[in-house]
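> Numbering (my numbering), first residue to last: 48 to 228.
Just so you know, even glycine gets a beta-carbon here, dropped at the ideal spot from N, CA and C.
Computed from a predicted structure; not experimentally measured.
After the structure tokens below, expect a handful of questions from me.
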């Protein structure tokens, strides 16, 4: 079934399903003008990673994990609504093909509030929930990312952005770093 419109996501849809196991990272959709190349690639990688059996579509569980990997924590009801909306066969099996996944995730990414994203990133650093990024937090993240930074380099990073002089970076300071303000 070739869908032309989809009311739930602003009338956007994918033009046709991708052939099995031959995914095109970019789907022909108006969203392409709004998505960054990196975002398009992230959508492709999430689908490819969680299409565990390479059948060209995601079942409910694969879809749930893929959406979380892209930073969205949609509840079961919303996931099922999306899957029903994009049910190409009308059989209620709750499957979503790559082209439709691309459209859904692309729209969610575009609609995302940048400030919320920055705050979510802050939480990744602040794993001890102190409301601040300490030297220890920064060292952990650098290590997780495979960055071999010296103690002096890490301290210099904190010193550069620590506007209140407390030796740590709070959320307000982090937002300023990320927004260049």
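Going by beta carbon distance, what residues of the same chain come within less than 7 Å of residue 182, once the five residues before and after it are set aside?
The residue given as residue 182 occupies position 135 in the chain shown. Hits under 7 Å: 201, 202 and 205.
> With distances taken Cα to Cα, identify the nearest neighbour of residue 218 among 87, 169, 136 and 97.
Your numbering for residue 218 matches position 171 in the chain shown. Closest by alpha carbon: 169.
> Using the rule of at least 16 other Cβ atoms within 10 Å of the residue's Cβ for burial, across every protein chain shown, is residue 56 buried or exposed?
Locating residue 56 in the chain shown gives position 9, where the first residue counts as 1. Bear in mind that the predicted position of residue 56 carries a pLDDT of just 44, short of 50, making it too unreliable to give a figure here.
> Using beta-carbon positions only, say whether residue 82 and residue 143 come within less than 8 Å of one another.
For the purposes of this step, residue 82 is taken as the residue at position 35 of the chain shown. For the purposes of this step, residue 143 is taken as the residue at position 96 of the chain shown. Cβ distance not < 8 Å, so residue 82 and residue 143 don't count as in contact.
> I want to know whether the stretch 206-216 touches the stretch 173-193 - three or more CB-CB distances under 8 Å.
Yes, since at least three Cβ pairs between the stretch 206-216 and the stretch 173-193 fall closer than 8 Å, the two stretches touch.
> Which whole-angstrom value describes the C-beta separation of residue 155 and residue 119, a residue pair presumed to lie in contact below a C-beta threshold of 8 Å?
Walking along the chain shown from the start, residue 155 turns up at place 108. Walking along the chain shown from the start, residue 119 turns up at place 72. Yes, residue 155 and residue 119 are in contact; Cβ-Cβ is about 6 Å, under 8 Å.
> From this set, 207, 116, 150 and 222, which residue's C-alpha is nearest residue 132's C-alpha?
Locating residue 132 in the chain shown gives position 85, where the first residue counts as 1. For residue 132, the nearest C-alpha among the options comes from 150.
> Roughly how many whole angstroms lie between the Cα atoms of residue 102 and residue 108?
Translated into the one-based positions of the chain shown, residue 102 becomes position 55. Translated into the one-based positions of the chain shown, residue 108 becomes position 61. If you take the alpha carbons of residue 102 and residue 108, they lie about 14 Å apart.
> Quick one: Cα of residue 175 to Cα of residue 136, how far?
In the chain shown, the residue the question calls residue 175 occupies position 128. In the chain shown, the residue the question calls residue 136 occupies position 89. One C-alpha to the other measures close to 46 Å.
> Return the CA-CA distance between residue 121 and residue 111, expressed in angstroms with no decimal places.
As a working mapping, residue 121 is identified with position 74 in the chain shown. As a working mapping, residue 111 is identified with position 64 in the chain shown. Spanning the two alpha carbons is a distance of roughly 8 Å.
> Let me make sure I understand the geometry here. Which of 75, 97 and 98 has the alpha-carbon closest to that of residue 87?
Here residue 87 refers to the residue found at position 40 when the chain shown is read from its first residue. Selected option, being the one with the closest Cα: 75.
> By the three-class DSSP mapping on this structure, what secondary structure does residue 185 have?
For this step, residue 185 is matched to residue 138 along the chain shown. Helix.
> To the nearest angstrom, report how far apart residue 153 and residue 90 are at their CA atoms.
Along the chain shown, read from residue 1 onward, the residue named residue 153 stands at position 106. Along the chain shown, read from residue 1 onward, the residue named residue 90 stands at position 43. Looking at the two C-alpha atoms, the distance is approximately 8 Å.
> Name, in chain order, the residues that DSSP records as bridge partners for residue 104.
By 1-based counting over the chain shown, the position of residue 104 is 57. Answer by DSSP bridge pairing, in chain order: 144.
> For the alpha helix (DSSP H) containing residue 77, name the first residue and the last one.
Counting from one through the chain shown, the residue named residue 77 turns up at place 30. Here residue 77 belongs to no alpha helix (DSSP H), and DSSP marks it neither H nor E.
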